[in-house]
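The structure appears right after this line, and notes come after that.
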Amino acid sequence: MFKALNSQEIGGEDLTKVSVIVADVNDESSLLKMAAQTRLVINTVGPYRFYGEAVVKACVASGAHHVDVSGEPQYMERMQLEYHEEAKQKGVYVVSACGFDSVPADLGTIFLVDKFKGDVNSVETYLQSSSKSEHK
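All residue numbers in the sequence shown are consecutive under UniProt numbering, ending with 136.
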């Protein structure tokens with residue numbers, strides 16, 4: 001399945017020149033068509049270990065940059081081992097871990113390195129989250 005939608009079809013008013021492209025991760029030809037008509041794919045499919053590689057493969061083959069929100073180390077390492085050389089030859093960036101799992105720690109580390117007077121050898125980060133349950 002492959003379908004290109006314009007922003008009016010999905011209710012957007014300010015994005016008149018931006019299209020949304022829908023592709024089926026289980027259909028290689030639809031992924032290739034998707035990647036071939038864009039410069040950048042923002043991949044939010046998951047779990048990436050099951051569904052991510054097909055999107056990376058299509059992007060690299062088509063020359064489209066790829067960004068995802070994966071927090072799966074084995075997936076990220078496998079994509080680097082498998083697609084780095086071809087992506088490099090084509091000038092394609094394949095960037096993982098651009099999501100909640102990594103961005104807060106990355107931003108905190110950048111801030112620390114920028115503000116700390118001296119060398120930063122290691123950083124440990126911790127996350128605590130809580131929410132109120134609607135169920136009592």
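Backbone N, C-alpha and C fix where the C-beta goes; we use that ideal spot for every residue, glycine too.
Do you know how far the Cα of residue j is from the Cα of residue i?
i, j, result
"N43", "N121", "32 Å"
"V25", "G52", "8 Å"
"K132", "A105", "24 Å"
"V22", "D119", "46 Å"
"L40", "V123", "31 Å"
"F100", "L107", "11 Å"
"Q37", "K57", "15 Å"
"F111", "K33", "40 Å"
Can you name, in chain order, every residue of its own chain whose Cβ lies under 7 Å from the Cβ of residue i, other than the five neighbours on each side?
i, result
"A97", "S70, G71 and M76"
"A54", "V25, E28 and L31"
"K117", "none"
"V45", "V25, Y51, G52 and V55"
By the DSSP assignment, the alpha helix (DSSP H) with residue i in it spans what residues?
i, result
"S96", "Unbroken run through S96: none, as it is neither H nor E."
"residue 137", "Because the chain here runs from 1 to 136, residue 137 falls outside it and cannot be looked at."
"T109", "V103 to K115"
Considering residue i, what are the terminal residues of the beta strand (DSSP E) in which it resides?
i, result
"V20", "S19 to A23"
"L40", "L40 to N43"
"D68", "H65 to D68"
Suppose the cutoff is 8 Å on Cβ atoms and the five residues either side in sequence are ignored; what does the same chain contact list for residue i look like?
i, result
"V60", "H66, Y83, E86, A87, K90, V92 and V94"
"Q80", "V94"
What's the call for residue i, buried or exposed, on a 16-neighbour Cβ count within 10 Å?
i, result
"S62", "buried"
"K115", "exposed"
"Q128", "exposed"
"Y48", "buried"
"A35", "buried"
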